[in-house]
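K.L.:
Let me give you the structure first, and then I'll get to my questions.
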Amino acid sequence: MQNVKKGTDRGFDQARIDLVKCPTCKGRAVVRGVFFELACTACNGSGWVVEGSKLVLPLDELVTQLSFKLQAAEQQITQMKRPSEMHGPEQQYQGTNRRGAGGSNFTGD
Ligand SMILES: [Zn+2]
């Protein structure tokens, strides 16, 4: 396992590093041992490695990069959901309204 060296550009915005699925575990984050699954050491158990170099990020940086990736994925999911919710107020009402307190449906009534 080889960690990417910490950049000298600290103090700037966090760079978005392109991550690709780990070739060792095929993005599954685990590899099958003899009796059970083990965290993949090639990618720090994340399932992702740096594109091109195939290096693994140190854990603190990995968390941030995975967060960026998750945020982008969530945005895509939101955009994909949107068209089906545009058919009328009735459907918006029934839709995935999870912004109410405690995750309950908040209808504004
Ligand atoms: Zn892996």
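In my numbering, the protein residues as written are 55 to 163. Positions of the beta carbon are idealized from the N, C-alpha and C atoms, including for glycine.
#1: Which whole runs of the beta strand (DSSP E) in the segment 57-116 are 3 residues long or more, in chain order?
#2: Whole angstroms is fine: what's the gap from Cys97's alpha carbon to Lys75's?
#3: Taking the alpha-carbon of Val104 as reference, which of Ala93, Met134, Asp114, Gln119 has the nearest alpha-carbon?
#4: Which same chain residues, not among the five before or five after Asp63, have their C-beta less than 8 Å away from its C-beta?
#5: Straight-line CA distance for Gly99 to Gly87?
P.N.:
With the given structure in hand:
#1: 73-75, 84-86, 91-93, 102-104
#2: When rounded, the distance between both Cα atoms is 9 Å.
#3: Gln119
#4: Note on Asp63: pLDDT 49, under 50, position unreliable in the model; the coordinate value appears next. If we look at Asp63 and ignore the five residues flanking it on each side, its Cβ neighbours are Ala69.
#5: Near 14 Å, if we compare the C-alpha coordinates of Gly87 and Gly99.
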